[in-house]
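In the numbering used here, the protein residues as written are 341 to 709.
Don't be surprised by glycine CBs; every beta carbon is placed ideally from N, CA and C.
Computed from a predicted structure; not experimentally measured.
What follows is a short report on a single structure.
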């Protein structure tokens with residue numbers, strides 16, 4: 341177990357005393373932890389298959405239909421009732437001509453009144469992936485029922501499965517973009533504030549030009565040329581997101597560069613970079629952490645907005661912004677709007693509460709009784 345320094349122990353105690361932030365961290369960790377196992381929770385492939393005494397794990401490996409006694413070398417469609425019959429009967433050829441009621445009996449290990457050595461199929465809790473087209477009665481989008489707890493969207497895909505995958509994708513996107521933008525913004529702000537003078541002047545003019553560049557137009561043009569992809573969107577969003585931190589970090593370094601401890605360090609021959617990032621940066625952390633909730637919520641809003649406008653992730657990706665667009669286009673299906681609203685509200689509220697607690701924990705002037 342890692343030993344924390346006395347300073348970090350005090351910060352952790354302050355964070356725990358902020359009950360709203362502490363419980364938000366617990367709830368968010370549980371939700372994000374579950375989303376990491378989305379393939380196990382929501383999938384149209386079984387978690388485990390035992391066929392003729394051998395174990396198979398379809399969610400992790402490719403198995404052709406011939407592996408279960410079928411005729412095709414393409415991947416087995418496990419939702420087909422004939423494939424399920426092949427698995428539970430050990431590959432009986434009669435599955436292709438067997439009536440559906442007998443196939444249902446085969447699932448219970450009985451055919452024609454006789455017991456068979458049936459295989460085993462263990463399905464995920466939600467037997468649909470984010471891209472699974474479900475067989476539904478009526479038209480899509482369909483309302484919530486016992487098979488689809490949050491209903492289906494306008495292409496008959498399970499909404500709950502898309503929310504689970506979309507939540508994970510949004511958090512990963514936000515963490516990556518925020519991490520890259522924070523590193524670039526902190527370094528740029530520290531260099532400007534510490535050195536000042538001509539360096540600060542040139543950096544300020546570059547930032548003014550860069551922030552005046554129309555971000556949406558650049559994304560649309562590059563997506564039209566290079567095609568839409570997750571990593572290209574991460575790169576472009578981080579490229580336009582880092583100036584948000586420069587101002588507060590620059591101000592803190594401008595204020596602290598003439599403090600006594602900085603002058604003493606210079607007199608002792610400590611290098612500039614060590615003074616900046618070992619001695620001055622911890623004092624600028626409160627201002628930096630104050631901006632992080634706005635950057636995180638802004639990044640999530642940017643992703644959702646681009647997906648809503650059709651300029652975000654590829655159409656096949658599980659996107660919460662695309663779910664919001666479907667809610668707008670299908671006003672007769674209010675479950676889509678309610679799902680999108682509550683997903684964004686819960687996710688953004690938890691993240692804001694957590695980073696508010698982190699900000700207060702790093703502030704030496706804040707104490708919690």
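Going by C-alpha positions, residue 543 is about 58 angstroms away from residue 404. Sorting 609, 384, 359, 392 by C-alpha distance to the C-alpha of residue 415 places 384 at the top. For residue 475, the closest alpha carbon among the candidates 464, 498, 356 is that of 498. Contact check for residue 568 and residue 658: beta-carbon distance about 14 angstroms, past the 8 angstroms limit, so the pair fails to qualify. If you draw a straight line from the Cα of residue 541 to the Cα of residue 601, it is about 26 angstroms long.
Between residue 524 and residue 582, the C-beta spacing is below 7 angstroms. In the DSSP assignment, residue 388 is bridged to 462. Inter-segment contact for the segment 405 to 424 and the segment 489 to 509 is absent: fewer than three beta-carbon pairs are separated by less than 8 angstroms.
Residue 664 has its alpha-carbon roughly 26 angstroms from the corresponding atom of residue 565. In the three-state reduction of the DSSP assignment, residue 404 falls in the strand class, which pools E and B. Straight-line measurement puts the Cα of residue 645 at about 13 angstroms from the Cα of residue 560.
Residue 607 is not bridged by DSSP to any residue. Sequence-distant Cβ neighbours of residue 692 in its own chain, meaning closer than 6 angstroms and more than five residues away, are 633. The C-alpha of residue 527 is placed about 14 angstroms away from the C-alpha of residue 578. Residue pairing by DSSP places residue 482 opposite no residue, since no beta bridge is assigned to it.
In the three-state reduction of the DSSP assignment, residue 591 falls in the helix class.
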